[in-house]
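In numbering that gives the first Met the number 0, the protein residues as written are 0 to 571. Cβ atoms here follow ideal geometry from the backbone N, Cα and C, with glycine treated the same way. Notes to accompany the following structure.
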Amino acid sequence: MYNNLRVTGLASPFDTEEMIGKIMEAEKVRLNKVEQNKELLVWKREAYNDLNKDFANFILNTRKEFGLTTTTSTGAMVSSSYKNLSWVKAATSSNEQVATVSTTAKAMNGSYNVEVKQLAEGVKMVSNKNITIEGGTKDNLASQFGLDKDDTIRFSIETKNGVKDFEFTDLENTSMKDIVNAINSAKILDEDGKVVGKLGVKASYDPTIDRFFLQTEDTGTKSQLTIKTNDDISEKFINGLNMTNNGKEYNIGTKEIGKDAIISFDGADNIIVDSNQFNINGIDFNIKSEGKFTTTVDTDVDAFYEKIEKFVEEYNKLVEKSNLLLTQKKYRSYQPLTADQKRAMDKSDIELWEEKAKSGILRSDELISRTMGNARILMYEEIEGVEGEFKHLFEIGIGTESFSKGSLGGKLVIDEVKFKKAIKEDPDGVLELLFKEPNYGEGKLENVTSYTAERELTSEQLKVKRSQSGIVTRLYDNFILGMQDIIDKSGVGDDPNLYRNVKSNILIDFVTEYGSISIIDKDVKKLENKIEDLNVYLFNKENQYYSKFAAMEKALSRMNQQSMWLMQQFSN
């Protein structure tokens with residue numbers, strides 16, 4: 000631990016502390032420079048990470064807006080094909096009392112006559128009369144069903160998912176609520192006792208009307224429900240529930256089966272489906288009752304235009320920010336402030352100074368220039384392998400803004416009339432131009448998947464992949480590649496999961512090749528080591544100066560003593 004407690008200037012008229020302080024200021028010039036260089040690197044890392052977050056959020060937000068990704072119940076993000084987009088086409092039902100409809104891009108435009116002949120049903124068993132015996136109470140099973148408190152109720156329920164056994168004792172302290180909870184939470188176990196799924200039934204009991212309800216969670220003839228018992232006590236309990244299925248009294252051990260829905264679709268009769276929610280020819284149906292209706296499918300030109308317009312707006316924001324970083328003025332006379340300088344300034348002045356010092360930190364940066372330059376090039380290259388009539392972006396009315404002095408350009412502009420005309424005439428062709436995926440697993444991409452990093456591709460494979468990709472797909476791939484370059488340079492910042500959400504394996508190269516330590520991090524570490532060495536050097540140097548001045552003080556003290564002795568001698 001350094002000890003700076005010193006007493007100086009006792010024998011001389013010099014302010015030793017001030018003199019050494021001024022000498023050390025000159026000595027600290029090199030340390031200040033190294034600390035400023037470190038601060039510049041830290042600012043550069045922050046600027047890179049800030050832009051990289053913008054790249055990531057642009058991809059995540061626009062994918063979500065398009066519907067190209069969905070989120071599962073566990074929070075995982077799953078990719079979806081552009082052919083399943085729900086905003087491209089609109090479907091209407093002429094009778095929403097019979098059915099409501101929606102559609103995806105896969106549906107063909109036109110009107111279709113539909114008839115619902117039968118709804119799908121699961122097995123529904125209900126009490127057709129009160130279940131509490133005369134004089135009994137609903138507080139416990141013993142009283143409610145006329146059983147002894149020491150009796151045991153045993154029964155099994157079998158569905159298409161499997162069989163679950165139930166057992167209830169201490170009937171004086173067990174109620175219908177306990178029965179319902181046990182059934183609703185029942186799980187199917189394998190031979191090793193591992194949960195393999197739910198039983199698939201839903202039970203309820205309404206004490207106000209004293210009725211019990213039991214039904215399968217699924218519908219159709221695949222749904223089934225069987226209740227079995229092996230003793231008189233349990234049989235008395237099951238029979239006491241007074242259950243019927245479609246008005247027919249339930250007999251213990253009988254397998255009850257649900258019903259399929261029967262549909263006629265535009266002349267295709269007797270289509271059998273096991274649910275009241277189903278898809279035919281890209282149209283999603285939710286049928287509610289038997290009857291006839293007409294569904295009409297047409298391209299939703301306005302919704303299509305609005306989605307792409309919003310994407311263009313978000314892309315242009317990214318271009319604007321990147322261009323600002325690349326062209327921002329560099330104030331070379333504004334260097335990072337030293338600790339001493341900050342102590343002498345107000346907080347507001349420090350902020351203004353650092354705003355100037357940070358300006359131009361990424362001016363003409365090669366990584367950003369390459370990423371944004373490639374984006375502009377990729378938007379004008381032909382899309383190969385399309386089935387529609389469009390192969391270039393300008394053919395659908397999307398181009399770049401006119402050149403303006405002092406701007407790097409790259410922003411997109413939409414010719415609304417031309418773009419809407421293209422959507423109306425060939426919506427599938429526009430979708431393909433924008434979102435087409437390459438032919439993975441074929442030709443030069445035989446061993447390539449959507450998860451393969453572009454860094455792993457040969458130059459020929461990369462060329463083929465991009466030539467077969469739609470414009471939006473190309474942009475995403477290009478930004479992901481640029482993000483990887485920036486991650487190698489500056490690290491992942493404080494949110495690595497943000498990048499994993501963009502692409503699950505995006506950080507593999509950074510972890511394996513760089514050990515999760517970026518190029519800037521390594522440079523910062525070197526400067527930190529140098530700063531530590533310089534601080535040790537300055538401490539030792541300062542001690543040397545104090546030692547020299549102390550020696551001088553000691554010598555002056557001796558001279559003063561000798562002078563005083565001589566004066567005493569002469570005075571005698």
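Beta-carbon spacing of residue i, residue j below 8 Å
{"i": "Asp-177", "j": "Gly-199", "result": "no"}
{"i": "Ala-90", "j": "Val-97", "result": "no"}
{"i": "Val-194", "j": "Lys-186", "result": "yes"}
{"i": "Lys-423", "j": "Val-300", "result": "yes"}
{"i": "Phe-144", "j": "Phe-236", "result": "yes"}
{"i": "Asn-438", "j": "Gly-384", "result": "yes"}
{"i": "Asp-150", "j": "Leu-170", "result": "yes"}
{"i": "Met-124", "j": "Asn-238", "result": "no"}
{"i": "Leu-526", "j": "Ile-470", "result": "no"}
{"i": "Lys-306", "j": "Pro-206", "result": "no"}
{"i": "Leu-140", "j": "Ser-174", "result": "yes"}
{"i": "Ile-286", "j": "Ala-260", "result": "yes"}
{"i": "Asp-297", "j": "Lys-88", "result": "yes"}
{"i": "Val-122", "j": "Thr-215", "result": "yes"}
{"i": "Asp-268", "j": "Thr-220", "result": "no"}
{"i": "Lys-462", "j": "Leu-444", "result": "no"}
{"i": "Lys-163", "j": "Ser-155", "result": "yes"}
Presumed contact (8 Å Cβ cut-off) between residue i and residue j, rounded CB distance
{"i": "Gln-117", "j": "Glu-289", "result": "7 Å"}
{"i": "Lys-105", "j": "Asn-127", "result": "Their Cβ separation, rounded to whole angstroms, is 46 Å, which puts Lys-105 and Asn-127 out of contact at 8 Å."}
{"i": "Leu-59", "j": "Asn-500", "result": "6 Å"}
{"i": "Val-33", "j": "Ile-530", "result": "6 Å"}
{"i": "Leu-30", "j": "Leu-506", "result": "Their Cβ separation, rounded to whole angstroms, is 36 Å, which puts Leu-30 and Leu-506 out of contact at 8 Å."}
{"i": "Ser-142", "j": "Val-179", "result": "Actually they are not in contact, since the Cβ atoms of Ser-142 and Val-179 sit about 17 Å apart, beyond 8 Å."}
{"i": "Phe-167", "j": "Ile-182", "result": "About 11 Å; that fails the 8 Å criterion."}
Own chain partners of residue i with C-beta closer than 6 Å, once the 5 adjacent residues on each side are dropped
{"i": "Val-318", "result": "Gly-409, Lys-410"}
{"i": "Ser-489", "result": "Arg-44, Tyr-47, Asn-48, Ser-517, Ile-519"}
{"i": "Asp-364", "result": "none"}
{"i": "Leu-480", "result": "Glu-453"}
{"i": "Asn-112", "result": "Asp-265, Thr-293"}
{"i": "Ile-279", "result": "Phe-264"}
{"i": "Tyr-304", "result": "Lys-419"}
{"i": "Tyr-330", "result": "Lys-355, Ser-358"}
{"i": "Gly-492", "result": "Asn-48"}
Span separating the alpha-carbon of residue i from that of residue j
{"i": "Val-311", "j": "Phe-418", "result": "13 Å"}
{"i": "Thr-61", "j": "Lys-309", "result": "8 Å"}
{"i": "Tyr-475", "j": "Ser-85", "result": "21 Å"}
{"i": "Tyr-333", "j": "Lys-52", "result": "27 Å"}
{"i": "Met-76", "j": "Leu-67", "result": "Reliability of the predicted coordinates at Met-76 is poor, the pLDDT of 48 falling under 50, and the value obtained from them is presented with this limitation in mind. Cα-Cα distance, rounded: 10 Å."}
{"i": "Glu-453", "j": "Asn-477", "result": "9 Å"}
{"i": "Thr-294", "j": "Lys-227", "result": "45 Å"}
{"i": "Glu-512", "j": "Tyr-379", "result": "34 Å"}
{"i": "Asp-209", "j": "Asn-241", "result": "11 Å"}
{"i": "Ser-222", "j": "Asn-129", "result": "27 Å"}
{"i": "Asn-373", "j": "Asp-339", "result": "45 Å"}
{"i": "Glu-120", "j": "Glu-95", "result": "19 Å"}
{"i": "Ser-468", "j": "Val-429", "result": "13 Å"}
{"i": "Met-482", "j": "Thr-451", "result": "15 Å"}
{"i": "Lys-258", "j": "Asn-250", "result": "19 Å"}
{"i": "Lys-435", "j": "Thr-472", "result": "7 Å"}
{"i": "Gln-460", "j": "Ala-55", "result": "25 Å"}
{"i": "Leu-213", "j": "Gly-161", "result": "16 Å"}
{"i": "Gln-560", "j": "Met-566", "result": "10 Å"}
{"i": "Lys-291", "j": "Asn-108", "result": "20 Å"}
{"i": "Asn-542", "j": "Glu-350", "result": "36 Å"}
{"i": "Phe-582", "j": "Arg-557", "result": "Residue 582 lies beyond the range of the chain shown here (0 to 571); nothing can be said about it."}
{"i": "Asn-528", "j": "Leu-456", "result": "39 Å"}
Spatial neighbours of residue i in its chain, beta-carbon cut-off 7 Å, leaving aside the 5 residues before and after
{"i": "Lys-27", "result": "Leu-537"}
{"i": "Leu-407", "result": "Asn-322, Leu-325, Thr-326"}
{"i": "Asp-414", "result": "Gly-396"}
{"i": "Asp-487", "result": "Phe-509, Tyr-513, Ser-517, Ile-518"}
{"i": "Pro-495", "result": "Leu-506"}
{"i": "Thr-158", "result": "Leu-198, Gly-199, Val-200, Thr-215, Gln-223, Leu-224"}
Residues near residue i in its chain [Cβ-Cβ closer than 8 Å; skip 5 each side]
{"i": "Thr-361", "result": "In the sequence as presented, Thr is not what sits at residue 361; that position holds Leu. These residues qualify, in order along the chain: Lys-43, Ala-46, Tyr-47, Leu-50, Leu-324, Leu-325, Gln-327, Ile-367."}
{"i": "Val-416", "result": "Gly-396"}
{"i": "Thr-448", "result": "Tyr-439, Gly-440"}
{"i": "Ile-270", "result": "Ile-261, Ile-262, Ser-263, Phe-264, Ile-279"}
{"i": "Glu-381", "result": "Lys-390, His-391, Ser-466"}
{"i": "Trp-352", "result": "Tyr-333, Leu-336, Met-344"}
{"i": "Thr-253", "result": "Thr-225"}
Minimum Cβ-Cβ distance from residue i to chain B less than 8 Å
{"i": "Asn-108", "result": "Although the question refers to chain B, the structure presented lacks it and comprises just one protein chain."}
task = Tell me the start and end of each unbroken alpha helix (DSSP H) in the region 35-104 that is at least 4 residues and wholly inside, in chain order.
result = Runs found: none.
request  = Return the chain-ordered ranges of every alpha helix (DSSP H) run that is complete within the region 150-235 and spans a minimum of 4 residues.
outcome  = Fully enclosed alpha helix (DSSP H) runs of 4 or longer: 175-183.
message = Give the list of continuous alpha helix (DSSP H) stretches no shorter than 4 residues that lie fully inside the region 303-337.
response = Given a length threshold of 4 residues, the region 303-337 has no whole run of the alpha helix (DSSP H) inside it.
request  = Enumerate, from N- to C-terminal direction, the unbroken beta strand (DSSP E) stretches of 3 or more residues contained entirely within the region 395-429.
outcome  = Those beta strand (DSSP E) runs which fall completely within the region 395-429 and span 3+ residues are 397-399, 411-413.
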